[in-house]
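Student:
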Amino acid sequence: MATLHVLSHSPFTDSRLSSCLRLLGSQDALLLCGDAVYALQAGSAQLQALELMPEAIALYALDEDVQARGLELPARLTLVDYPAFVALSCQYSKVNTWL
């Protein structure tokens, strides 16, 4: 069952990102929003971990949050707006929000 995993907390304050990465399945996707987009900071261990994910796992980020933080984007990242976020939520069998 394909799952969309949604992270919104900073990857520098707790271990949610690393816990999520361990549980991702080959048909899953990861959506970063809010402070979770800080995982995209160039040279960070968090970005390196994201880049090591298998290519089959889609990586998304909410465009508004990336733009607000002025981050550079890794090549494999797909930016989404709120309507696309809703569409992704409907596309996957489950949505797991890491609260």
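Counting from 1 along the sequence shown, just add 324 to a position and that's the residue number in my numbering. For glycine and all other residues, C-beta sits at the position ideal for the given N, C-alpha and C.
Based on DSSP bridge pairs, tell me the residues matched to Tyr384.
Tutor: BP columns for Tyr384 point to Leu355, Thr402.
Student: Measuring alpha carbon to alpha carbon, tell me which residue in Thr327, Ala399, Ser368, Val404 is nearest Leu347.
Tutor: Residue Thr327 is the option with its Cα nearest to Leu347.
Student: Identify every residue that forms a DSSP beta bridge with Thr327.
Tutor: Answer by DSSP bridge pairing, in chain order: Lys418.
Student: Suppose the cutoff is 6 Å on Cβ atoms and the five residues either side in sequence are ignored; what does the same chain contact list for Asn420 look like?
Tutor: For Asn420, where only same-chain residues beyond five positions count, the Cβ hits under 6 Å are Thr327, His329.
Student: Taking Cβ positions, are Leu345 and Leu354 nearer each other than 9 Å?
Tutor: Yes; because the gap between Cβ atoms is below 9 Å, this pair is in contact.
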